[in-house]
Structure formats: C-alpha cells, structure tokens
Amino acid sequence: MDSKLLDILACPVCKGPLLLYRPTGELVCRADRLGYPIRDQIPVLLEEEARRLAGDDPALAS
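Numbering-wise (the working numbering), the sequence shown opens with residue 2 and increments by one.
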C-alpha cells in the first residue's frame, strides 16, 4: 500500500490514524481495536466490514 495514501487515511469511527498490519493485510485502528480489510488493494473502511480485535491481538502491537 502506498505510504502517501496511508498518511491521509483515517479510521471512519474515531478519525484516528490507521496502521498497516502486513501479516493479515489489514489497516488497524488501535484506539477502536478494529481491523479494516484491504481487498484488491482498496481499503474497505466500513465499520460493519471491520474485524473486532481482542486486547491481546498481535495486530495491536505493531
């Protein structure tokens, strides 16, 4: 994913920063503990499509 695109993307729920978690190919919001999928190199930033992350999920430590 393009780093310039990552700089301007924000979590649709809290408007906080998103981090790319490469092992699962997700954009992660640490504040809301959500993982947004990337499909065909397009981020799907819909809350209903996001995966809820457990407190000990490795994606939150990245």
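Virtual Cβ for every residue (Gly too), placed ideally from N, Cα, C.
Put residue i into one of helix, strand or coil per three-state DSSP.
{"i": "proline 38", "result": "strand"}
{"i": "alanine 11", "result": "strand"}
{"i": "proline 59", "result": "helix"}
{"i": "leucine 6", "result": "helix"}
Tell me, to the nearest whole angstrom, how far the beta carbon of residue i is from that of residue j; I am working on the premise that it is less than 8 angstroms.
{"i": "leucine 54", "j": "arginine 34", "result": "4 angstroms"}
Rounded to whole angstroms, what is the Cα-Cα separation between residue i and residue j?
{"i": "alanine 60", "j": "leucine 47", "result": "18 angstroms"}
{"i": "glutamate 50", "j": "tyrosine 37", "result": "7 angstroms"}
{"i": "glycine 56", "j": "leucine 10", "result": "23 angstroms"}
Decide if residue i is buried, meaning its Cβ has at least 16 other Cβ atoms within 10 Å, or exposed.
{"i": "leucine 28", "result": "buried"}
{"i": "cysteine 12", "result": "buried"}
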